[in-house]
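S.K.:
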Amino acid sequence: MKPKPTASELEILQILWNLGPSTVRQVHENLEGKNGSGYTTTLKLMQIMAEKGLVLRDERERAHVYRPVSEEQETKGRLAGDLMDRVFGGSAAALVLGALSAKPASPEEIDQIRRMLKEYERSRR
Numbered sequence: 062m063k064p065k066p067t068a069s070e071l072e073i074l075q076i077l078w079n080l081g082p083s084t085v086r087q088v089h090e091n092l093e094g095k096n097g098s099g100y101t102t103t104l105k106l107m108q109i110m111a112e113k114g115l116v117l118r119d120e121r122e123r124a125h126v127y128r129p130v131s132e133e134q135e136t137k138g139r140l141a142g143d144l145m146d147r148v149f150g151g152s153a154a155a156l157v158l159g160a161l162s163a164k165p166a167s168p169e170e171i172d173q174i175r176r177m178l179k180e181y182e183r184s185r186r
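The sequence shown begins at 62 in my numbering and counts up by one.
1. Can the beta-carbon of leucine 74 be found less than 8 Å from the beta-carbon of proline 66?
2. Using the DSSP secondary-structure output, state which residues sit across from leucine 117 in a beta bridge.
3. Could you say which of Val116, Arg121 and Ala141 lies nearest to valine 130 if we only look at CA atoms?
4. Within its chain, find whatever has a CB closer than 6 Å to the CB of isoleucine 76; leave out the 5 residues flanking it on each side and keep chain order.
5. Run the CB neighbour count on methionine 177, radius 10 Å, all protein chains shown included, and call it buried at 16 or more, exposed below.
6. Could you give the DSSP three-state label for serine 98: helix, strand or coil?
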């Protein structure tokens, strides 16, 4: 079973998904101002992520380059499925309603959700 990233690890993964393979320095520069932690904290967190199997470290260059092991959608889907099981009794409808009641969606997002549901229904036929 793949490990679940913590909130801090998800921040780093989001940066890696957006930037692509990156050094600790590049990730840290993108984190600056968000969490106020130092470079060594970012380095240690990324080393832990490599040990957990969340990122791969390429050690061929002087500055090691990190990349996520899993694609963004795979990770988010796994986390959503876990949340759905643990909090919403396995109900996708309860998960969606819970999300919408916690933070209302804009009319554009509601339209996007409708389009995604229609596409999902078509793909299951």
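Using N, Cα and C, we set each Cβ at its ideal position, and we do this for glycine too.
Because the structure is a prediction, the values reported are computed rather than measured.
M.R.: On the basis of the supplied data:
1. yes
2. Partner(s): Arg128.
3. Val116
4. Val88 and Asn91
5. exposed
6. coil
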